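*Asks:*
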Amino acid sequence: MKIRLNRAKTRSKAAAVIVLIVYFVFNLFPIYWIFVTSLKTDAEVYTPQPTFIPKHPTLENYKTIYTTRPYMRYTTNTILIAIGSTMSCIAFGAIAAYGFSRFKFAGNKGLRYIFLASRVFPPISLIIPIFMMIGWLKLYDTIIAQIIVNTYMWLPFFIWINISFFDTIPKEIDQAAQIDGCTRMQSFFRIAFPLALPGIAASSIITFLGTWNEFLYNLILGPTPRAKNLSVGASDFIADMFVSWNQMAAGAIIACIPAFIFVIFFQRYIVTGLTSGSVKG
Amino acid sequence: MKKNLIFILVAVAFVVPAFATGTTETPAAQSYATIQWSPIAERITAETYQLPKGAKEAIAAEGTKKLVIYNWGDLSFDPATVENGKMFTQLTGVEIEFVGTPDEQMMPKLQPLFMAKSDAVDIVPLDATNYRAFTSRDWLMQVDMLWDEAALNEFQTGARNLIINGHHYSTPQVARVTDIMYYRPSMLKAAGYTNPPATLDEFVEMTKKLTLDKNKDGSIDQWGYAFRASGVLDGAEIVKSIALLYGVNPDNVNGKVKYNAPEVVRAVDFLVKLRNEYKVVPPGVTAYQHGDVADFFLSGNVAIVIDPTYLYARCMESSIKDDFGVALAPRAKKDGPSTVIQNWNGWGISTYSKNKAAALVFLDMYRSYPAQVREFVLENNEVLLKKAYQHPEAKKIGYSSVLSQITDTVIDVYPGQGEVYKAVIAEFQNALIGKKTPQAAMDDAQKQIDKIMGY
Amino acid sequence: MKTNKKQILKDGQFGFLLILPSLLLLAMIVIFPVIHVCILSFMNDAGGKFVWIGFRNYKSILFDDPKFWAYFLNSIKYVVFGIGSAFIVGLIVALSLNTITRFKGISRTIALWAWAVPPVIASLMWKWLLNDTNGALNYLLMQAGILKNPVPWLSLPTGTMLILSQVHAWTSIPFIMVILLAGLQTIPADLYEVASIDGAGSLQKFKIITFPLLRPSILTSVMISAIFAFRTFDIVFTLTGGGPGESTEMLVTYVYNMAFVFVRLGYAAALSVLMVIISMLMVFLFVTIIPTKDLS
Chain A
18 MKIRLNRAKT RSKAAAVIVL IVYFVFNLFP IYWIFVTSLK TDAEVYTPQP
68 TFIPKHPTLE NYKTIYTTRP YMRYTTNTIL IAIGSTMSCI AFGAIAAYGF
118 SRFKFAGNKG LRYIFLASRV FPPISLIIPI FMMIGWLKLY DTIIAQIIVN
168 TYMWLPFFIW INISFFDTIP KEIDQAAQID GCTRMQSFFR IAFPLALPGI
218 AASSIITFLG TWNEFLYNLI LGPTPRAKNL SVGASDFIAD MFVSWNQMAA
268 GAIIACIPAF IFVIFFQRYI VTGLTSGSVK G
Chain B
1376 MKKNLIFILV AVAFVVPAFA TGTTETPAAQ SYATIQWSPI AERITAETYQ
1426 LPKGAKEAIA AEGTKKLVIY NWGDLSFDPA TVENGKMFTQ LTGVEIEFVG
1476 TPDEQMMPKL QPLFMAKSDA VDIVPLDATN YRAFTSRDWL MQVDMLWDEA
1526 ALNEFQTGAR NLIINGHHYS TPQVARVTDI MYYRPSMLKA AGYTNPPATL
1576 DEFVEMTKKL TLDKNKDGSI DQWGYAFRAS GVLDGAEIVK SIALLYGVNP
1626 DNVNGKVKYN APEVVRAVDF LVKLRNEYKV VPPGVTAYQH GDVADFFLSG
1676 NVAIVIDPTY LYARCMESSI KDDFGVALAP RAKKDGPSTV IQNWNGWGIS
1726 TYSKNKAAAL VFLDMYRSYP AQVREFVLEN NEVLLKKAYQ HPEAKKIGYS
1776 SVLSQITDTV IDVYPGQGEV YKAVIAEFQN ALIGKKTPQA AMDDAQKQID
1826 KIMGY
Chain C
266 MKTNKKQILK DGQFGFLLIL PSLLLLAMIV IFPVIHVCIL SFMNDAGGKF
316 VWIGFRNYKS ILFDDPKFWA YFLNSIKYVV FGIGSAFIVG LIVALSLNTI
366 TRFKGISRTI ALWAWAVPPV IASLMWKWLL NDTNGALNYL LMQAGILKNP
416 VPWLSLPTGT MLILSQVHAW TSIPFIMVIL LAGLQTIPAD LYEVASIDGA
466 GSLQKFKIIT FPLLRPSILT SVMISAIFAF RTFDIVFTLT GGGPGESTEM
516 LVTYVYNMAF VFVRLGYAAA LSVLMVIISM LMVFLFVTII PTKDLS
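Residue numbers (our numbering), protein chains in the order written: chain A, 18 to 298; chain B, 1376 to 1830; chain C, 266 to 561.
(1) Across the segment 1722-1735 of chain B and the segment 1514-1529 of chain B, are there enough close Cβ pairs to call them in contact, namely three or more that are closer than 8 Å?
(2) Can you check whether the CB of A/A219 is closer than 8 Å to the CB of A/F183?
(3) Could you say which of B/A1618, B/A1636, B/K1654, B/A1525 lies nearest to B/A1642 if we only look at CA atoms?
(4) When you compare the CB of A/N44 with every CB in chain E, is at least one pair closer than 8 Å?
(5) Please tell me whether C/L446 has its Cβ less than 8 Å away from any Cβ of chain B.
(6) Between the segment 1447-1474 of chain B and chain A, which residues of the former have CB atoms less than 8 Å from a CB of the latter, in chain order?
(7) If you drop the 5 nearest sequence neighbours on each side, which residues of the same chain put their C-beta closer than 7 Å to that of B/E1400?
(8) Count the other CB atoms within 10 Å of the CB of B/H1542; is the residue buried (16 or more) or exposed (fewer)?
(9) Would you call the segment 250-270 of chain A and the segment 395-413 of chain C in contact, with 3 or more CB pairs under 8 Å?
(10) Let me know the secondary structure DSSP gives B/V1443 once reduced to three states.
(11) On a Cα-Cα basis, can you pick out the residue from A/K72, A/L226, A/R207 that is closest to A/A194?
(12) Who are the Cβ neighbours of B/F1489 in its own chain at under 6 Å, not counting the five residues just before and after it?
(13) Considering only residues of the same chain and omitting the five flanking positions on each side of C/G347, which have a CB-CB separation below 6 Å?
(14) Kindly indicate which three-state DSSP category B/S1616 falls into: helix, strand or coil?
(15) For C/F279, which three-state DSSP category applies?
(16) In whole angstroms, give me the CA-to-CA distance for B/P1767 and B/V1748.
(17) Using a Cβ-Cβ cut-off of less than 8 Å, give me the residues of the segment 376-402 of chain C that come near chain A, in sequence order.
(18) Looking only at C-alpha atoms, which of C/L377, C/Q469, C/D463, C/T503 sits nearest to C/V443?
(19) Which same chain residues end up closer than 7 Å to A/K57 when comparing Cβ atoms and leaving out the 5 residues on each side of it in sequence?
(20) Are the beta-carbon atoms belonging to A/I145 and B/P1454 less than 8 Å from one another?
(21) Identify the contact partners of B/N1629 in chain A, using a Cβ-Cβ distance below 7 Å as the criterion.
(22) Could you list which residues in chain A have their beta carbon closer than 8 Å to that of C/Y521, in chain order?
(23) Measure the Cβ-Cβ separation of A/F148 and A/I222 and say whether it is below 8 Å.
(24) Using the DSSP secondary-structure output, state which residues sit across from B/Q1405 in a beta bridge.
(25) For a test of the three-state rule: what should DSSP assign to A/N230, helix, strand or coil?
(26) State yes or no: is the C-beta of C/A214 within less than 8 Å of the C-beta of C/L530?
(27) Listed in chain order, which residues of the segment 153-183 of chain A have Cβ atoms closer than 8 Å to some Cβ of chain C?
(28) Looking at B/A1669 and B/L1686, is the spacing between their C-beta atoms short of 8 Å?
(29) Within a Cβ cutoff of 7 Å, which residues of the same chain sit near A/S105, ignoring the five residues on either side of it in sequence?
(30) Tell me the DSSP secondary structure of B/Q1531 in three-state form.
(31) Using 8 Å for Cβ pairs, my map puts B/D1502 next to B/N1718. What's the rounded Cβ distance?
(32) Under the three-state reduction of DSSP, which class applies to B/M1817: helix, strand or coil?
(33) Output, in chain order, the set of chain B residues within a Cβ distance shorter than 9 Å of C/P509.
(34) Quick one: is C/W317 buried, meaning 16 or more other Cβ sit within 10 Å of its Cβ, or exposed?
(35) Alpha carbon to alpha carbon, what distance is there between A/P173 and C/M547?
(36) For the segment 1492-1508 of chain B, list every residue whose C-beta sits within 7 Å of some C-beta in chain A, in sequence order.
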């Protein structure tokens, strides 16, 4: 019996690996293209047929973007904004999701939808009034403004996603903890939050990457290198009449790296086993 | 408890807008009014630019340390603008912070600033897509003091099109000529030609021979020609430029905008045939815009393109620098008109700027001889100041002989232009993909244009 | 329920207190802009000055403007085809990532790579790749013998919308995959063990265990992606600008053009409000179609 189960497991693992390889090849091809373009000289970018392996690969583009543009500044800005927004979302959103999930109060269901609705306005139509508000607070062209706006952008989704994760944790566990003497806040921090980590981690990654890529609000509220992020900074390579492809590609690759590091670090919290078995205990 | 909270919420919601009185605007220090601009024509055509009398004092009175100037596209591709900026700082001691912005982002960036009456921008770049919108909302300062009749005469006639209801709101930065022909001599030679086409008939004949499947794999890898039928301006401009060769300016047919005039329909028909009947352009033209066609030329995918003059510098810096030529765009017939469109870019001053004296000096300086020569020589951007073409450096530019053959240029800037062009581009694309006949497409476009223009 | 510590607040009040900071934060940021947009939607500024016209913008849009309905249909196509394929691929990839035992971390990170590319660059690069003159996609398909002539993917009379939706799917897959992956983690592994012992095959396990328990994550990921897709602007704008003709114009590009090209802010505001209403209808649609009853 065990052998049959093991063989089935191996077969499904093999199938999974094949699926992943196929997916990576097709899905990551554009990224390969970007990477290859970033290594090309100007002359090689403009060839009649596309080339997939640069004949004279060069790191010149990477050097250029750091020396001619404040790319280091864009990078640090983006990291600060992304981390700041993610931290605020976790701080505000985790307890809010817990509150929505666990406690009955008038308007619980209604407010969930209102939170979601606040995010449904197309950003384009809100930029003028938000710009005005940021101006009154004298926060134009600052990183704080970016953090505030990005927190607003991602908090409703953060909460919405985590409500369903908290829902999967049986209420009995909380109550057991409270019988043992914990306050409600303590039972949140010690029991519920750790058990909901997969959801928290997933929504943190989403918030981080979403903020990392945020374009419109950064464009309007952070027009100079003081608060400009990598996503908007990518358009530095768009001249009035043409695009500098290889430099832009180098910019894209650089823009991915810190995001990568964050994801590698956080994704390890998306693990199973934290809830299974806890019910029986 | 609930009721209290609702009250708190509502109060909070209005606390923020309570700041809505906005920053109390100090009455604009009218110190710029003390600057003596006359004699304008002399000053702006002098070999070196000198500040008008009273300028330094006015700038000091306004306490200006820095000007914020938005620019089309990133500054690293605009050496002339950077140099002119340095000249300004040298003369006035005022720093300049340029904010380079791609076309599509300019409006979204500037509109909130204007709507909020913000002083965060002093000078904005203008072109046909935003000029009328800005002026109709009083977002630009009137700069009548910078102009008089003598000064206007120093510029090409197109400059007068920028006067709105008798008032000036800008000074010209550049006015790129949009249509000169670039070709690959090696490709022409291989097809048996030594000279580029001079008429549209020759053009059709040659591009047919220049569209080849060189490696015999069943698909075409060299196209005779390619044009841009997408974008915000590009698609409408190609129609307009061919119509101009037939003698009609669709933006000004007896004072009205008329894109279904017979010659305009003929222009559309010509372009549609290039794609669908002669098959000398790639089918994907409906999506090409901006630098797409230039990129193809540089890559060797296309034998002939008709593009603005900026491409010349790009060619000289590329791998085809020894294998490209320029010529006048083909005329409809021998000795037909060779009218071309000039794409005007100008500078305007925000009504809400607190640095109007310095801004006025910048506008004045930028249209002066040394600054305009730099635009022409360093960036190959045509300018409206006539004297700039007499500079010795100007004569050395590779395509100056082509420019001298152009009989006439047009600059059209009118309200609703953006909407008109959008309608024309959409219907032009419908004709290109065969969804409508050229006549039907342009008739539909004209229906929308009539609504937009209020005819 | 006896508790040792005295509780000052009742359970319900405590819960409300937990959501209060978020509520205040969102209220401060959102209420003024929403009111601003709503007020603007009742105004007309075609001539440069703002004039109150009541519901006339809405009437024009809904009854006098065939473009609105045509673009609305295009938006729906974009969302349905885009999120549809993104969901299928995202689900398969999430299941696969859940199954492998080695290189988990790096595989998951690589799978998210598409999302780390700045959207501006991604759109421009896709434009280049889909190009019919020197684009890599046509080149590869011709080399592989699948195509004889390059296809102008962005100039098809009817198929371009589909192409655009797939470009969008490419950007959405990571998002959906992450949520589904996290959702898969909450399914206790013992359930699968028990099912295997009972002789269930992979497909049955999926149908009976995985899919039902994954419903909340599916609802969340698909609904939020759909909301995003409805509002995504740069892909369409960069790749086709709404063309050829108007076949890829969507509501969100219509808002953009109204606000920034034609500068008719009142009309644009009314369009935005309608877009919000449509989005909320989508939310209600999803929530009723994908019920997430308590499944224990």
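Backbone N, C-alpha and C define an ideal beta-carbon position, used for all residues, glycine too. Owing to the predicted nature of the structure, the values given are computational and were not obtained by experimental measurement.
*Replies:* Inspection of the coordinates gives the following:
(1) The segment 1722-1735 of chain B vs the segment 1514-1529 of chain B: in contact.
(2) Going by C-beta atoms, A/F183 is not nearer than 8 Å to A/A219.
(3) From the listed residues B/A1618, B/A1636, B/K1654, B/A1525, the smallest Cα separation to B/A1642 is found for B/A1618.
(4) Although the question refers to chain E, the structure presented lacks it and instead comprises the protein chains A, B and C.
(5) At least 8 Å separates the CB of C/L446 from every CB of chain B.
(6) Those would be W1447, G1448, D1449, S1451, F1452, D1453, E1472, V1474, in chain order.
(7) Here the model assigns B/E1400 a pLDDT of 41, short of 50, so the residue's position is not dependable, and the following value carries that caveat. Close CB contacts of B/E1400 within its chain, under the 7 Å cut and outside five residues either way in sequence, are absent.
(8) With a 10 Å radius around the Cβ and a threshold of 16 neighbouring Cβ atoms, B/H1542 comes out exposed.
(9) Contact check between the segment 250-270 of chain A and the segment 395-413 of chain C: fewer than three CB pairs, one atom from each, fall below 8 Å, which does not count as touching.
(10) B/V1443 sits in a strand when the DSSP states are folded into three classes.
(11) With distances taken between CA atoms, A/A194 lies nearest to A/R207 out of A/K72, A/L226, A/R207.
(12) The beta carbon of B/F1489 is closer than 6 Å to those of W1514 in its chain, skipping five residues each way along the sequence.
(13) Cβ within range, chain order: S430, H433, A434, A494.
(14) In the structure shown, B/S1616 sits in a helix (DSSP, three-state: H, G or I).
(15) In the structure shown, the three-state DSSP call for C/F279 is helix.
(16) A straight-line Cα-Cα distance of about 10 Å links B/P1767 and B/V1748.
(17) Here the close residues are A376, L377, W378, A379, W380, A381, V382, P383, P384, V385, I386, A387, L389, M390, W391, W393, L394, N399, G400, A401.
(18) Nearest option by C-alpha distance: C/L377.
(19) Cβ within range, chain order: P71, N263.
(20) 8 Å or more divides the Cβ of A/I145 from the Cβ of B/P1454.
(21) Scanning chain A for C-beta atoms nearer than 7 Å to the C-beta of B/N1629 yields nothing, as the closest lies near 33 Å away.
(22) Taking a Cβ-Cβ threshold of 8 Å, the residues of chain A close to C/Y521 are I141, in chain order.
(23) Result no, Cβ atoms of A/F148 and A/I222 do not sit closer than 8 Å.
(24) B/Q1405 is not bridged by DSSP to any residue.
(25) Correct three-state label for A/N230: coil.
(26) Look at the range of chain C in this structure, 266 to 561, and you will see that residue 214 of chain C is not part of it.
(27) Flagged, chain order: I165, V166, T168, Y169, L172, P173, F174, I176, W177, I178, S181, F182.
(28) Yes, the pair counts as a contact, with Cβ atoms nearer than the cut-off.
(29) When the five nearest sequence neighbours on each side are left out, the beta carbons in the same chain lying within less than 7 Å of the beta carbon of A/S105 are those of I164, T168, in order along the chain.
(30) Looking at B/Q1531 - three-state DSSP - the assignment turns out to be coil, as it is neither helix nor strand.
(31) About 7 Å separates the Cβ atoms of B/D1502 and B/N1718, confirming a contact at the 8 Å cut-off.
(32) If DSSP states are grouped into helix, strand and coil, B/M1817 belongs with the helices.
(33) Those are A1604, S1605, T1661, A1662, A1801, Q1804, N1805, L1807, I1808, K1810, listed as they occur along chain B.
(34) Within a 10 Å sphere around the beta-carbon of C/W317 sit fewer than 16 other beta-carbons, which makes this residue exposed.
(35) Cα-Cα distance, rounded: 17 Å.
(36) Close to chain A, meaning a Cβ-Cβ distance shorter than 7 Å, are the following residues of the segment 1492-1508 of chain B: S1493, A1495.
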